[in-house]
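Protein chains in written order, with the working numbering: chain Y, 143 to 487; chain C, 143 to 487.
Heads up, the beta-carbon is just placed ideally off N, CA and C, and yes, glycines get one too.
There are 2 protein chains.
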Amino acid sequence: MTVSGRRGRRPTLEQVAAYAGVGRGTVSRVINGAANVSDQTRTAVQRAIAELGYVPNRAARALAAGSTDAIALVIPEAETRLFAEPYFSGIIRGVSTELADTDMQLLLTLIRTPKERDRFAQYVTAHRVDGVLLLSVHADDPLPDLLQEIEMPAVLSGRRGGEEPVPYVDCDNTGGAQAAVEHLIGRGRRAVATVTGPPDMYVAQCRLQGYRDALRAAGLEEDERLVAEGDFTEEGGRRAMRELLSARPDLDAVFCASDVMAAGARAVLREAGRRVPDDVALVGFDDSAVARHMDPPLTSVRQPIEEMGRAMVRVLLEEIAGRKEGRDGRSNRVLPTELVRRSSS
Amino acid sequence: MTVSGRRGRRPTLEQVAAYAGVGRGTVSRVINGAANVSDQTRTAVQRAIAELGYVPNRAARALAAGSTDAIALVIPEAETRLFAEPYFSGIIRGVSTELADTDMQLLLTLIRTPKERDRFAQYVTAHRVDGVLLLSVHADDPLPDLLQEIEMPAVLSGRRGGEEPVPYVDCDNTGGAQAAVEHLIGRGRRAVATVTGPPDMYVAQCRLQGYRDALRAAGLEEDERLVAEGDFTEEGGRRAMRELLSARPDLDAVFCASDVMAAGARAVLREAGRRVPDDVALVGFDDSAVARHMDPPLTSVRQPIEEMGRAMVRVLLEEIAGRKEGRDGRSNRVLPTELVRRSSS
DNA sequence: AGGTCGGTTGGGAGCGCTCCCAGACGTGAT
DNA sequence: ATCACGTCTGGGAGCGCTCCCAACCGACCT
């Protein structure tokens with residue numbers, strides 16, 4: 143911090159080399175931690191770097207080395223509203239944390255129009271980043287395949303289906319849902335309903351599966367009238383709840399595949415004069431702010447979101463390193479969820 | 143397919159030039175929209191670019207031109223929780239929108255430790271970005287001054303005080319608070335209390351000022367027992383509300399300087415057996431998801447967050463362009479707020 | 001003594017682009 | 001026909017770095 147930010151140019155590798163009385167190559171070696179440098183030389187160079195306040199020029203490095211030291215975090219616009227909290231910021235926090243030790247940069251890209259998608263496609267095609275983190279892809283998203291095709295390292299959050307050609311990091315949606323429903327059953331509920339997500343989303347399928355698994359394991363009835371389709375919106379939750387109430391007025395618990403839908407369901411329950419949790423126990427999924435602020439506070443399944451962000455980075459970096467070495471280590475990661483009990487159940 | 147880190151066969155400027163039968167300089171001129179190029183040549187070059195699918199290499203351009211075509215969005219860690227929603231994502235959305243037309247990149251930087259701050263300081267000192275967007279700076283944050291010193295274009299969201307040497311974009315906190323309180327008074331409330339933010343934050347001062355302005359304008363009493371200090375957390379809101387209730391049990395309305403604090407206050411009111419809005423009307427600030435999901439839904443002051451993000455980018459780009467031309471246009475922007483009426487008041 | 005070998009080191013050759021200058025080519029005036 | 005002047009254009013000279021190869025050096029053999 144001693145070197146003041148004078149307008150004069152920042153010191154270059156060359157100047158560091160001259161100052162330390164060595165050649166350019168040697169300084170480069172020290173900076174990049176190459177092995178064959180004598181301790182003496184290394185020390186001298188490090189001192190020169192410190193004294194000159196040298197910071198490598200990223201552009202030059204990228205140009206010469208052909209790598210960018212940057213990864214892109216891509217977020218489809220639709221999601222920024224839906225997942226606003228805590229998903230969005232949680233992932234970013236995790237990613238950023240994991241990246242802090244690296245000297246990689248995080249490039250944020252929101253994609254909301256086909257035009258923007260094209261621009262991004264062009265961008266990655268031109269290899270302007272070393273890797274891509276793709277948030278909540280939809281089943282019909284062409285981006286993963288494009289990335290695959292141009293051999294750009296990428297990691298998805300969640301997956302589009304059971305099989306996924308691109309590495310992904312996901313949480314245990316099935317297990318989380320199952321735990322939630324088991325919890326409900328454990329509290330003595332017998333007519334447990336569920337509000338699902340859109341059936342074409344894999345995550346919704348998993349959560350529904352978890353619901354079914356729990357019922358089956360407990361030997362409880364599985365009635366299709368206890369299953370209503372939502373769409374991860376509050377209004378969808380409201381609609382589904384009305385449906386359930388009229389099909390099975392005797393239900394005594396509802397597992398909603400998202401907190402936001404639970405909020406909608408809760409409103410309908412109130413209108414119908416059902417008390418929560420006395421008459422109907424309610425459980426959500428996501429453990430969002432909405433859950434904490436509902437009345438009564440909502441029991442919900444927490445995803446380790448920040449940890450997922452970190453895992454995504456780790457997998458991506460492995461992937462990048464692996465490709466460079468010709469390896470091909472496709473490693474996915476599925477993280478456990480956790481039931482957060484509050485007074486709604 | 144071989145060593146993937148190596149250059150794929152992306153076309154270069156040189157190849158475009160050869161293909162179009164012109165010189166490198168000419169292609170460069172076309173790409174950068176320089177004036178002196180004949181229409182015929184320009185067309186030929188553009189065709190070559192399209193046919194070859196040429197995309198300029200950013201690193202090379204940055205190296206040669208000395209500019210990076212990237213700006214950094216800096217977020218102090220503490221804020222990512224507090225402002226999680228909708229502030230955080232709203233700003234990002236606005237910034238991203240405004241940047242979409244440019245070919246600037248958005249670099250996201252979370253700063254949570256002194257070490258990370260230093261790293262970032264070093265980073266900007268080395269001029270690795272063209273400009274910086276700084277979110278919710280605290281009064282004692284050294285970053286703005288550092289940026290000022292190294293002459294790095296920067297824009298703050300909000301300000302640290304009335305006077306601010308660095309350009310900023312803010313919303314009309316005073317006016318918003320005033321409108322909220324006027325609304326309360328308009329509904330016939332006479333003992334209007336307020337829960338403030340931390341007094342060392344300018345934004346908290348402004349909102350308190352707005353509260354006072356409204357009271358004064360209406361000729362209502364200003365009782366210090368009607369003012370309780372919060373800290374923008376839910377627990378703080380709870381504490382402040384208890385304080386208020388014991389000091390002035392007759393209060394019939396509360397203006398909270400944030401939705402989260404309003405949520406805390408609401409819980410205390412419920413415990414105390416006060417109905418909202420019948421006994422006590424409640425208004426918050428931020429119009430966050432919390433407000434929409436409270437029971438009853440919370441009247442709140444909406445900030446044009448997305449618009450603020452866009453404004454920040456506009457100001458920053460102006461600043462960058464201005465510096466390049468030697469101009470020095472310090473232009474701030476204060477955007478209006480809007481009261482969103484719901485059933486809590 | 002000459003030869004070999006592994007560990008170091010210096011520096012040339014680019015990476016793909018922008019900047020800038022000199023040259024080519026009109027045009028109108030002399 | 002010559003000259004001056006503008007408009008376009010080509011391409012050399014870097015930007016700061018990594019890669020790589022040749023050169024060097026002492027140590028250890030033969």
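Could you check whether the Cβ of residue i sits closer than 7 Å to any heavy atom belonging to the ligand MG?
i               : result
T239 of chain Y : Absent from the structure shown: the ligand MG. Ligands present: none.
What does DSSP give as the partner residues of residue i in its beta bridges?
i               : result
F427 of chain Y : Y:V443
E480 of chain C : C:R444
Y310 of chain Y : Y:L298
L275 of chain C : C:L215 and C:V297
L386 of chain Y : BP columns for L386 of chain Y are empty, so no partner.
Q247 of chain Y : Y:A212
R475 of chain Y : Y:V311
F397 of chain C : C:T336 and C:V425
V369 of chain C : C:T336
L252 of chain Y : Y:I217
Please say whether residue j and residue i have beta carbons closer to each other than 8 Å?
i               : j               : result
V422 of chain Y : A395 of chain Y : yes
A319 of chain Y : R390 of chain Y : no
A375 of chain Y : Q351 of chain Y : Note on identity: in this sequence residue 375 of chain Y is Thr, with Ala being the wrong assignment. Not closer than 8 Å, so no.
V266 of chain Y : L289 of chain Y : yes
P218 of chain C : L277 of chain C : yes
Q247 of chain C : D211 of chain C : yes
E301 of chain C : D312 of chain C : Glu is not the amino acid found at residue 301 of chain C; the sequence shown has Arg there. Yes.
Y353 of chain C : G303 of chain C : no
I233 of chain C : S299 of chain C : yes
V241 of chain C : V271 of chain C : Contrary to the premise, residue 241 of chain C reads as Leu rather than Val in this sequence. No; because the gap between Cβ atoms is not below 8 Å, this pair is not in contact.
R465 of chain Y : P295 of chain Y : yes
G361 of chain Y : G406 of chain Y : no
A431 of chain Y : P256 of chain Y : no
S388 of chain C : P438 of chain C : no
A201 of chain C : A204 of chain Y : yes
A281 of chain C : D342 of chain C : yes
E448 of chain Y : G236 of chain Y : yes
G208 of chain C : P153 of chain C : no
V308 of chain Y : P286 of chain Y : yes
L326 of chain C : S487 of chain C : yes
V323 of chain C : F397 of chain C : yes
L357 of chain C : E366 of chain C : no
M436 of chain C : H435 of chain Y : yes
List, in chain order, every chain Y residue whose beta-carbon is nearer than 9 Å to that of residue i.
i               : result
V197 of chain C : Q264, Y265, T267, A268 and R270
R152 of chain C : T267, A268 and H269
Could you tell me which chain C residues have their CB closer than 9 Å to the CB of residue i, listed as they occur along the chain?
i               : result
T210 of chain Y : R200 and A201
Since residue i contacts residue j with CB under 8 Å, what's their CB separation in whole angstroms?
i               : j               : result
V297 of chain C : V476 of chain C : Not confirmed; about 13 Å, so no contact.
G372 of chain Y : V337 of chain Y : 4 Å
A409 of chain Y : R380 of chain Y : 6 Å
V482 of chain C : T441 of chain C : 7 Å
T168 of chain Y : V197 of chain Y : The pair is not a contact, with the Cβ atoms about 18 Å apart (cut-off 8 Å).
A370 of chain C : L393 of chain C : So it is not a contact: roughly 10 Å between Cβ atoms.
A321 of chain Y : V443 of chain Y : 7 Å
R166 of chain C : L155 of chain C : 6 Å
E461 of chain C : G273 of chain C : 7 Å
V158 of chain C : A190 of chain C : 5 Å
Kindly list, in the order they appear in chain C, the residues whose Cβ is closer than 8 Å to that of residue i.
i               : result
H435 of chain Y : A405, V432, H435 and M436
L250 of chain Y : L215, I234, S238, L248, L249 and L250
Strictly below 7 Å CB to CB, what residues from chain Y border residue i?
i               : result
A204 of chain C : A201
Could you name the residues of chain C that residue i contacts, counting a contact when the two beta carbons are closer than 7 Å?
i               : result
E258 of chain Y : A242
Scan the region 229–240 of chain C for residues whose Cβ lies nearer than 9 Å to a Cβ of chain Y and list them as they occur along the chain.
F230, S231, G232, I234, R235, V237, S238 and T239
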